[in-house]
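**Q** Letter by letter, the sequence shown follows residues 402 to 593 in this note's numbering. Glycine included, C-beta positions come from ideal geometry on N, C-alpha and C. These figures come from a predicted structure and were not determined experimentally.
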Amino acid sequence: MADITLAAHSAFPVGMKLRSKSVAIEVCDDLAIVGLTAYRGTADALAGAIAERFSIALPSPGKRVGTDRISFMWTGCHQWLAIAARAEGGLDLEAELAAATAGLCSIVDHADARAVLTIAGSDARAVLAKGLPIDLDERVFKPGDAAVTHANHIGLTIAQLDATPTYEISIPRSLASSFADWLRHAATEFLD
402 MADITLAAHS AFPVGMKLRS KSVAIEVCDD LAIVGLTAYR GTADALAGAI AERFSIALPS
462 PGKRVGTDRI SFMWTGCHQW LAIAARAEGG LDLEAELAAA TAGLCSIVDH ADARAVLTIA
522 GSDARAVLAK GLPIDLDERV FKPGDAAVTH ANHIGLTIAQ LDATPTYEIS IPRSLASSFA
582 DWLRHAATEF LD
C-alpha cells in the first residue's frame, strides 16, 4: 500500500507577503485556531476555567485579549476564537482547551477552516477602509478591539493588535485567494 503524506500549504497565493514603507501584509501560517461556544448557563464557569488555566479573562463583546502564548477573540454571544502558534511538537490547543473546559462548551478546531494574515503600517487603515464597513479610526477602533464584519462580500474577523496599527484578519480558507486579490488591489497605491 502506498505511503501517503499530507503537507500543509498556505491558503493564500504565493507572493502574498507584501511590504512597503507604509504597509506590510504577512500571512500567518501554522496557527492553532479553536472556536469555543459556551453551553447554556455555563458562560461564567467557562470564563473561570479559562482564567484559571491561561490567566486570561475571556473578552467582552468587540474585544480581543491575549498573551504571547494564546489569544481569545469575542465572536458572538458566548462565543470566542482561541488562537495560538503551533509549536514543533508542542501545543495541541484543542486538547488543552478540552481538558481545561470539560463539559462547559463545545470546542471546534478551525485551523484548517480559517486563513489568517496581518496588515500593518501607517496606511493599513486606508487600505482596509476601501472594503470594510466599520470605522477603523484610531479614536474608535483601538488595540484590543475586534469585530466580526466583511470585506468584498467575504465574512471575516478583525482585531487590532497594537497602535502601529497592526490588524489580524481571519477569513474562511476557501475564500483566501479572493480576499488576497481584493487586498492586493486595495493596497496597490501604497506599495513601492
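Restricting to Cα atoms, I'd like to know which of Arg487, Arg526, Ala425 is closest to alanine 512.
**A** Taking the first residue of the sequence shown as 1, we reach residue 512 at position 111. Nearest C-alpha to alanine 512: Arg487.
**Q** With hydrogens ignored, establish whether the beta-carbon of serine 456 is closer than 8 Å to any heavy atom of the ligand GTP.
**A** Inclusion of the ligand GTP in the displayed structure is not the case, the ligand content being empty and no account of it being possible.
**Q** For arginine 574, which residues of its own chain have a beta-carbon under 8 Å away from its beta-carbon, when the five flanking residues on both sides are left out?
**A** For the purposes of this step, residue 574 is identified with residue 173 of the sequence shown, where counting begins at 1. These residues qualify, in order along the chain: Ala412, Asp513, Ala514, Arg515, Ala516.
**Q** Could you check if cysteine 506 is buried or exposed, using at least 16 other CB atoms within 10 Å of its CB as the buried criterion?
**A** Walking along the sequence shown from the start, residue 506 turns up at place 105. Buried: at least 16 other Cβ atoms inside 10 Å.
**Q** Tell me, which residues are paired with alanine 552 by DSSP?
**A** Reading the sequence shown from its first residue, position 151 is the one you call residue 552. DSSP lists Ile555 as partners of alanine 552.
**Q** Do three or more CB pairs link the region 428-441 to the region 532-539 at distances below 8 Å?
**A** Flag = no, the region 428-441 and the region 532-539 do not touch.
**Q** Would threonine 567 and alanine 521 be called neighbours here (beta carbons separated by less than 9 Å)?
**A** Counting from 1 along the sequence shown, the entry for residue 567 is found at position 166. Counting from 1 along the sequence shown, the entry for residue 521 is found at position 120. Yes. Within cutoff.
**Q** List in chain order: all unbroken alpha helix (DSSP H) runs of 4+ residues lying wholly within the region 453-535.
**A** Fully enclosed alpha helix (DSSP H) runs of 4 or longer: 494-501, 525-530.
**Q** Please report how far the alpha carbon of leucine 584 lies from the alpha carbon of alanine 547, in whole angstroms.
**A** Residue numbering aside, residue 584 sits at position 183 when the sequence shown is read from its first letter. Residue numbering aside, residue 547 sits at position 146 when the sequence shown is read from its first letter. So the alpha carbons of these two residues sit roughly 19 Å apart.
**Q** Comparing alpha-carbon positions, which option in Thr565, Asp593, Ile559, Ala552 lies nearest aspartate 582?
**A** As a first step, residue 582 must be located in the sequence shown, where it is residue number 181. Looking at the Cα atoms, Ala552 is the closest of the given residues.
**Q** Apart from the five residues on each side of it in sequence, which residues of its chain come closer than 7 Å, Cβ to Cβ, to serine 421?
**A** As a working note, residue 421 is residue 20 in the sequence shown. For serine 421, where only same-chain residues beyond five positions count, the Cβ hits under 7 Å are Phe591, Leu592, Asp593.
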